[in-house]
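As structure tokens, the structure follows; a few thoughts come after it.
Numbering (the numbering used here), first residue to last: 9 to 123.
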């Protein structure tokens, strides 16, 4: 199953609109889709409220990853991100976890060490 097929299945399960999310992130952030992985998100300010509602933020300090699936998606994200910001954050929907932000440099270091 390709990454986009997995994404479609996830959005069907959650009741969201994958096409609306992709369109939003094409306008305000980034979208990367290959058969192996899919990622979309946008820049945010960590302490300015709900990431999904932020768009065209001045002086963002984090990338909010709205959706990601596939092997090594974070490595792909770091190699393709439009520009680096100090933090990267995402939520674990299936675990009902809130958005958590991580220092970009710490994540890159963990990836380079294979952790």
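Every residue gets a Cβ at the ideal spot worked out from N, C-alpha and C, and that includes glycine.
How about residue 119 and residue 11: are their beta carbons less than 8 Å apart?
To locate residue 119, count along the chain shown from 1; it is residue 111. To locate residue 11, count along the chain shown from 1; it is residue 3. The answer is no: Cβ separation not under 8 Å.
State the DSSP-derived secondary structure class of residue 100, mapped to helix, strand or coil.
For the purposes of this step, residue 100 is taken as residue 92 along the chain shown, with counting starting at 1. Coil, per DSSP.
State the CB to CB distance for the pair residue 54 and residue 19, rounded to an integer number of angstroms; the pair is presumed to be in contact (CB under 8 Å).
Counted from its first residue, the chain shown places residue 54 at position 46. Counted from its first residue, the chain shown places residue 19 at position 11. Incorrect: roughly 26 Å between the Cβ atoms, too far for contact.
Since residue 51 sits in a beta bridge, which residues does DSSP pair it with?
Counting from 1 along the chain shown, the entry for residue 51 is found at position 43. Partner(s): 71.
Per DSSP, what kind of secondary structure is residue 109 in: helix, strand or coil?
Numbered from its first residue, the chain shown carries residue 109 at position 101. Of the three classes helix, strand and coil, the one that applies to residue 109 here is strand, per DSSP.
Quick one: residues in its chain with C-beta nearer than 6 Å to the C-beta of residue 63, no 5 flanking neighbours on either side, listed in chain order?
Within the chain shown, the letter at position 55 stands for residue 63. Cβ neighbours of residue 63 beyond the five flanking positions: 36.
Beta-carbon within less than 7 Å of residue 90's beta-carbon, same chain only, minus the 5 sequence neighbours each way: which residues are those?
Residue mapping note: residue 90 aligns to position 82 of the chain shown, counting from 1. Same-chain partners within the cutoff: 38.
Whose CA, out of 87, 88 and 82, lies closest to the CA of residue 97?
Taking the chain shown and counting its residues from 1, one reaches residue 97 at position 89. Comparing Cα positions, the closest option is 82.
If you draw a straight line from the C-alpha of residue 70 to the C-alpha of residue 33, how long is it?
Position 62 of the chain shown, counting from 1, holds the residue named residue 70. Position 25 of the chain shown, counting from 1, holds the residue named residue 33. When rounded, the distance between both Cα atoms is 15 Å.
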